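Colleague:
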Amino acid sequence: MSYVAIADRDHEQHMHDPQTFITKYIWSQDHKVIAIQYSLTAIAVGLVALVLSLVMRLQLGFPDTFSFISPDEYYQAITMHGMIMVIYLLTALLLGGFGNYLIPLMCGARDMVFPFMNMLSYWVYLLSVLVLCASFFVTGGPTGGGWTLYPPQVILPGTPGVGGGIVLMLLSLVLFIVAFTMGGLNYVTTVLQARCRGMTLMRMPLSVWGIFVATILGLLAFPALLVTGIMLLLDSVIGTSFFMPALLSMGEASEYDGGSPILFQHLFWFFGHPEVYIVALPAFGVISDLVATHARKNIFGYRMMVWAILAIGVISFIVWAHHMYVSGMNPYFGFFFATTTLIIAIPTALKVYNWVLTLWRGDIHLTVPMLFVIGFIFTFINGGITGLFLGNVAVDMPLSDTYFVIGHFHMVMGVSPILVIFGAIYHWYPKITGRMLNDRMGRIHFWATLFGTYAIYLPMHYLGILGLPRRYYAMGDTSFIPDSAQAMNAGISIAAFFVAAVQLIFLFNLFWSRTRGAPSGGNPWNATTLEWQTPQTPPVHGNWGPDLPVVYRWAYDYSVPGAKNDFIPQTMAPEDVPTSDDSYDGSEGAHS
Amino acid sequence: MSLLRKISAKPWEHAGELEGLHGAFTPGQSAGRTGLYMFLAVVTSFFLLFMVTYYTRMQFPDWEMLADPKILWANTAVLILASLALQLASNAAKKHEFSRMRNWLLAGGILTLVFIGGQWVAWEQLVASGYYARSNPANAFFYLFTGLHALHLAGGIWFMALLGFRLNQPNRREQVPSSVTLCATYWHYLLLVWLVLFTLLLRT
Chain A
285 MSYVAIADRD HEQHMHDPQT FITKYIWSQD HKVIAIQYSL TAIAVGLVAL
335 VLSLVMRLQL GFPDTFSFIS PDEYYQAITM HGMIMVIYLL TALLLGGFGN
385 YLIPLMCGAR DMVFPFMNML SYWVYLLSVL VLCASFFVTG GPTGGGWTLY
435 PPQVILPGTP GVGGGIVLML LSLVLFIVAF TMGGLNYVTT VLQARCRGMT
485 LMRMPLSVWG IFVATILGLL AFPALLVTGI MLLLDSVIGT SFFMPALLSM
535 GEASEYDGGS PILFQHLFWF FGHPEVYIVA LPAFGVISDL VATHARKNIF
585 GYRMMVWAIL AIGVISFIVW AHHMYVSGMN PYFGFFFATT TLIIAIPTAL
635 KVYNWVLTLW RGDIHLTVPM LFVIGFIFTF INGGITGLFL GNVAVDMPLS
685 DTYFVIGHFH MVMGVSPILV IFGAIYHWYP KITGRMLNDR MGRIHFWATL
735 FGTYAIYLPM HYLGILGLPR RYYAMGDTSF IPDSAQAMNA GISIAAFFVA
785 AVQLIFLFNL FWSRTRGAPS GGNPWNATTL EWQTPQTPPV HGNWGPDLPV
835 VYRWAYDYSV PGAKNDFIPQ TMAPEDVPTS DDSYDGSEGA HS
Chain B
-13 MSLLRKISAK PWEHAGELEG LHGAFTPGQS AGRTGLYMFL AVVTSFFLLF
37 MVTYYTRMQF PDWEMLADPK ILWANTAVLI LASLALQLAS NAAKKHEFSR
87 MRNWLLAGGI LTLVFIGGQW VAWEQLVASG YYARSNPANA FFYLFTGLHA
137 LHLAGGIWFM ALLGFRLNQP NRREQVPSSV TLCATYWHYL LLVWLVLFTL
187 LLRT
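Chains as they are written, first to last, in our numbering: chain A, 285 to 876; chain B, -13 to 190.
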């Protein structure tokens, strides 16, 4: 029997497609539509956060120039920028967006197992975004207590947004967690219960592994944020003293008594550190698939990659206090967390080695997704190495309140996942729309973004070692800060504006290629995984034809010796694989 | 452990059909149960973190214990009965005895509502004796624990009501029994949570 791609099999479709515009695009229960709704909402709110960062850069690069940026507004911009980027953009886009799109397609399912709950998840997420954005319009504006929302400051008079702003922020977070939980239960259950025949856990692509484990982390860690959110809300609204100590505020004793701000920090970071990996693990998974596909080589050390994801997932729950070295903790406590922090670097470094070893002697195609992969590996190594500095208590102490930390976490938590997201969009856009993104625009976007972001964040490490404090609205006259630091700050701001402008090319490309891009065919990258083997591109409701796919092999059969093509789809049975002397040519893409 | 064995497989060594995987296979057969267990893990994390917070906050000098209302004992007994009723409903569901199942579900739902009402009475008694949420963290934690626990039960009742509607729809009626079993699991779990919380509140 010769191999027939699912796309070419002659079957009629008998799916119960949603008929009206409203059930198809608005109240849709289709995981692909929900994924796109999640992604577009996340990108839209991410653009708000990008503009807020430009407001900050205007003030930092050119202090005393812009009268419309007051200290209060500066702090509000900082707070909202941080919270939106970490929660409402990265978490929502990587799990709600990519998780929703990829899990059913890569596992060979028709949809998520609870489609109605999946739809609800998106609409509650949208509500949480709207509640968050509403805080821009209440009296006093959004909260300006810093994205970590540390009490007592965040709910004391004098902090911007102490009335409506902080209440809306906390309500929005509670809604987000409810939305995430509904989505997350879907992702985990779908991976565990709805894989197609032959898809064992160890035949799953690493993207699914990364998203799967990240979702479990999210399900177990977000309750910590929920607990802190509820208790802080009660402290703020009805005046309990869970976290609020007895203190003098503006010369008067407040009614609070005996609460513990440090308790808040422990709870917050018990969520906050797993959150780093909730973002990082899907990115790791996606990178693994991109690097194997575009280097035409099986991923190096697949089992190690899976184990590393699991190990990182477990260890990420016992490193949280490394965010709190300067809180005055017991030195032995700090020593413990410094040790676990260095231990978690081992599986992480192992993954980096495996990506590099996958590239080694691979048939590297320098496509736009591959450029972003290489950019990510560089950036992640940079950010990871400064993480080793900050993971050590003695080194962290002097650096903790400086721009070094800003440089570190933007490299590792900002630029790195964003590069993955870009790479993933260039990679999967043809499957989502049936058209390629424009290559030339993609290359300009990549190089300008890579060099631009390095021009922003590399100098910040230097500023940090110089002692430039973070969180300050303006530096004023400080003897140890030379004038050159201000010149560097101005340069950073210019680079920031450049990078922001370059993203317009990307946005234009997204819309332009939707109708004008070159038709991609079903499998433009000659990839092995299931989402590229769907009968239609873009996949229709129900994803597969009358029969679910059957999986015969792992996800990384690239350049198998003896096989005619340099990839064997997961759905191809061993007896159907064309050998080098067969005449069958399975490649169909125009861009191989 | 089978999970360890599963993730030790070397997927690149063997292509083709795998034994036991290519037979009769219906995807998503026990999706409901898996989803519920995952949700219970989330709820466990939620309440555990609250308890850790409770213990930590207790160490501070301003902590003043409150006298737990006696009605909590009666409430506990009612919740045990509710859980029992759900178990009987689940037993009936397994035998597809629809009318018995409906009666026990109804009994379980009413008992749960009585429990929530009883918790409300406990709140009233505390407020009447001057134990305000603002005046001491011990009081605030009491309201928080009981309130959040009751909220979870209310969610369960909402789900149970949906099942009740489905029982009246002939085409969806057959799906109900398996959901009733999940309902019973959820109730037993919330009973366990309450027993742990109650013990914690009594002892501290």
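From the three backbone atoms N, C-alpha and C, an ideal C-beta is built for every residue, glycine too.
These figures come from a predicted structure and were not determined experimentally.
#1: Locate the alpha helix (DSSP H) running through Arg394/A, then write down its first and last residues.
#2: Could you name each continuous alpha helix (DSSP H) segment of 4 residues or more that falls completely within the stretch 508 to 589 of chain A, going from the start of the chain to the end?
#3: Excluding the five sequence neighbours on either side, which residues of its own chain have a C-beta within less than 8 Å of the C-beta of Gly494/A, listed in chain order?
#4: I'd like to check one pair, Leu734/A with Pro653/A: are the Cβ atoms closer than 7 Å?
#5: Take Gly95/B and list the residues in its own chain whose beta-carbon comes closer than 7 Å to its own, dropping the five residues that flank it on each side.
#6: CB-CB under 8 Å to Leu674/A, same chain, minus the five flanking residues each way: which ones, in chain order?
#7: Are there 16 or more other CB atoms within 10 angstroms of the CB of Leu72/B, so buried, or fewer, so exposed?
#8: If you follow the alpha helix (DSSP H) that Lys635/A is part of, which residue opens it and which one closes it?
#9: Within 7 Å (strictly less), CB to CB, does Trp796/A reach chain B?
#10: Which value, in whole angstroms, describes the spacing of the CA atoms of Ile789/A and Ile776/A?
#11: Between the alpha carbons of Val413/A and Met403/A, how many angstroms are there, rounded?
#12: Report buried or exposed for Met720/A, applying the criterion of at least 16 other Cβ atoms within 10 angstroms of its Cβ.
#13: Given that Thr484/A touches chain B, what residues does it touch there, using C-beta distances under 9 Å?
#14: So with CB distances below 8 Å, who are the chain A contacts of Pro123/B?
#15: Could you name the residues of the same chain whose beta carbon sits closer than 8 Å to that of Ile102/B, not counting the 5 residues immediately before and after it, in chain order?
#16: Using only alpha-carbon positions, find the residue among Asp850/A, Pro388/A, Pro862/A, Val834/A that is nearest to Leu4/B.
#17: If you draw a straight line from the C-alpha of Met534/A to the C-alpha of Gly104/B, how long is it?
#18: Does DSSP put His0/B in a helix, in a strand, or in coil?
#19: Using a Cβ-Cβ distance under 7 Å, would Gly21/B count as near chain A?
#20: Assess, as a yes-or-no matter, whether the stretch 370 to 386 of chain A is touched by the stretch 463 to 472 of chain A under the definition of 3 or more beta carbon pairs within less than 8 Å.
#21: In three-state terms, what does DSSP make of Ala857/A?
#22: Alpha carbons only, please: which of Phe764/A, Ser864/A, Gln854/A, Glu859/A is nearest the one belonging to Pro845/A?
#23: Could you have a look at Val834/A and say whether DSSP puts it in helix, strand or coil?
#24: Tell me whether Pro803/A sits in a helix, a strand or coil according to DSSP, three-state version.
#25: List the residues of chain A that Arg120/B touches, going by C-beta distances under 7 Å, in chain order.
#26: Measuring alpha carbon to alpha carbon, tell me which of Trp838/A, Asp860/A, Tyr836/A, Ser354/A ends up nearest Ala847/A.
#27: Beta carbon of Trp644/A, beta carbon of Trp(-2)/B: below 7 Å?
#28: Quick check: is the beta carbon of Val462/A nearer than 7 Å to any beta carbon in chain B?
#29: What's the gap between the Cα of Thr423/A and the Cα of Pro441/A?
#30: Is the beta carbon of Thr843/A sitting closer than 7 Å to the one on Lys581/A?
#31: Going along the chain, which residues of its own chain have a beta-carbon closer than 7 Å to the beta-carbon of Tyr358/A, five neighbours each way excluded?
#32: Checking contacts by CB at 7 Å: is Arg580/A closer than that to chain B?
#33: Measure the C-alpha to C-alpha separation of Gly449/A and Thr132/B and round it to an integer number of angstroms.
#34: Is Tyr409/A helix, strand or coil when you go by DSSP?
#35: For the stretch 497 to 511 of chain A, enumerate the residues whose C-beta is nearer than 7 Å to any C-beta of chain B, in chain order.
Modeller: Once the coordinates are examined:
#1: Here residue 394/A refers to the residue found at position 110 when the first sequence is read from its first residue. No alpha helix (DSSP H) contains Arg394/A, which DSSP labels as neither H nor E.
#2: Runs of the alpha helix (DSSP H) inside the stretch 508 to 589 of chain A: 545 to 578.
#3: As a working note, residue 494/A is residue 210 in the first sequence. Residues of the same chain with a CB within less than 8 Å of the CB of Gly494/A, apart from the 5 flanking positions on each side, are Leu565, Pro566, Ala567, Phe568, Gly569, Val570, Ser572, Ile593 in chain order.
#4: Position 369 of the first sequence, counting from 1, holds the residue named residue 653/A. Position 450 of the first sequence, counting from 1, holds the residue named residue 734/A. Note that the C-beta distance between Pro653/A and Leu734/A is not below 7 Å.
#5: Here residue 95/B is taken as the residue at index 109 of the second sequence, counted from 1. So the qualifying residues of the chain are Ile143, Met146.
#6: Counting from one through the first sequence, the residue named residue 674/A turns up at place 390. Cβ within range, chain order: His606, Asp680, Leu683, Ser684, Phe688, Val689, His692.
#7: Residue mapping note: residue 72/B aligns to position 86 of the second sequence, counting from 1. It counts as buried.
#8: Along the first sequence, one-based indexing puts residue 635/A at 351. Note, Lys635/A: alpha helix (DSSP H), 615 to 643.
#9: Counting from one through the first sequence, the residue named residue 796/A turns up at place 512. Not an interface residue.
#10: Numbered from its first residue, the first sequence carries residue 789/A at position 505. Numbered from its first residue, the first sequence carries residue 776/A at position 492. Distance from the CA of Ile789/A to the CA of Ile776/A, rounded to the nearest whole angstrom, comes to 21 Å.
#11: Reading the first sequence from its first residue, position 129 is the one you call residue 413/A. Reading the first sequence from its first residue, position 119 is the one you call residue 403/A. Cα-Cα distance, rounded: 16 Å.
#12: Sequence index remark: in the first sequence, residue 720/A carries index 436 (1-based). It is buried - the Cβ of Met720/A has at least 16 other Cβ atoms within 10 Å.
#13: Looking up residue 484/A in the first sequence gives position 200. Chain-order list of chain B residues neighbouring Thr484/A: Lys(-8), Ala(-5), Pro(-3), Leu4, Leu7, by C-beta distance under 9 Å.
#14: If you number the second sequence from 1, residue 123/B lands on position 137. For Pro123/B, the chain A residues whose Cβ falls inside 8 Å of its Cβ are Thr524, Ser525, Phe526, Gly542, Gly543, in order along the chain.
#15: Counted from its first residue, the second sequence places residue 102/B at position 116. The residues are Ala136, Leu139, Ala140.
#16: Taking the second sequence and counting its residues from 1, the one referred to as residue 4/B is at position 18. Of the candidates Asp850/A, Pro388/A, Pro862/A, Val834/A, the one whose C-alpha sits nearest the C-alpha of Leu4/B is Val834/A.
#17: The count along the first sequence starts at 1 and reaches residue 534/A at position 250. The count along the second sequence starts at 1 and reaches residue 104/B at position 118. Pairing Met534/A with Gly104/B, the inter-Cα distance amounts to about 43 Å.
#18: Numbered from its first residue, the second sequence carries residue 0/B at position 14. Three-state result, His0/B: coil.
#19: Residue mapping note: residue 21/B aligns to position 35 of the second sequence, counting from 1. Cβ-Cβ to chain A under 7 Å: yes for Gly21/B.
#20: Remark: three or more beta-carbon pairs, one from each stretch, lie closer than 8 Å, so the stretch 463 to 472 of chain A and the stretch 370 to 386 of chain A are flagged as touching.
#21: As a first step, residue 857/A is located in the first sequence; it is residue number 573 there, counting from the start. Looking at Ala857/A - three-state DSSP - the assignment turns out to be coil, as it is neither helix nor strand.
#22: Along the first sequence, one-based indexing puts residue 845/A at 561. Residue nearest to Pro845/A within the set Phe764/A, Ser864/A, Gln854/A, Glu859/A is Ser864/A (criterion: CA-CA distance).
#23: Counting from one through the first sequence, the residue named residue 834/A turns up at place 550. Residue state, collapsed to three classes: strand.
#24: Here residue 803/A refers to the residue found at position 519 of the first sequence. Strand at Pro803/A.
#25: Your numbering for residue 120/B matches position 134 in the second sequence. In chain order: Ile522, Gly523, Thr524.
#26: Stepping through the first sequence from its first residue, residue 847/A is reached at position 563. It is Asp860/A.
#27: Residue 644/A sits at position 360 when you count from the first residue of the first sequence. Residue -2/B sits at position 12 when you count from the first residue of the second sequence. If you check the CB distance, Trp644/A and Trp(-2)/B do not come in under 7 Å.
#28: As a working mapping, residue 462/A is identified with position 178 in the first sequence. No, because no Cβ of chain B sits closer than 7 Å to the Cβ of Val462/A.
#29: What you label residue 423/A is simply residue 139 of the first sequence in a count that begins at 1. What you label residue 441/A is simply residue 157 of the first sequence in a count that begins at 1. Straight-line spacing of the CA atoms in Thr423/A and Pro441/A works out to 14 Å.
#30: As a first step, residue 843/A must be located in the first sequence, where it is residue number 559. As a first step, residue 581/A must be located in the first sequence, where it is residue number 297. Checking the sequence, you will find Ser at residue 843/A rather than Thr. Yes, they are a contact pair.
#31: As a working mapping, residue 358/A is identified with position 74 in the first sequence. These residues qualify, in order along the chain: Met340, Gln343, Tyr757.
#32: As a position in the first sequence, residue 580/A is number 296, starting the count at 1. Taking 7 Å as the threshold, the shortest C-beta distance from Arg580/A to chain B does not fall below it.
#33: By one-based count along the first sequence, residue 449/A stands at place 165. By one-based count along the second sequence, residue 132/B stands at place 146. Between Gly449/A and Thr132/B, the alpha-carbon positions lie close to 28 Å from each other.
#34: Here the question's residue 409/A lines up with position 125 in the first sequence. Annotated three-state conformation of Tyr409/A is helix, per DSSP.
#35: The stretch 497 to 511 of chain A vs chain B, Cβ under 7 Å: Leu503, Leu504, Pro507, Ala508, Leu510, Val511.
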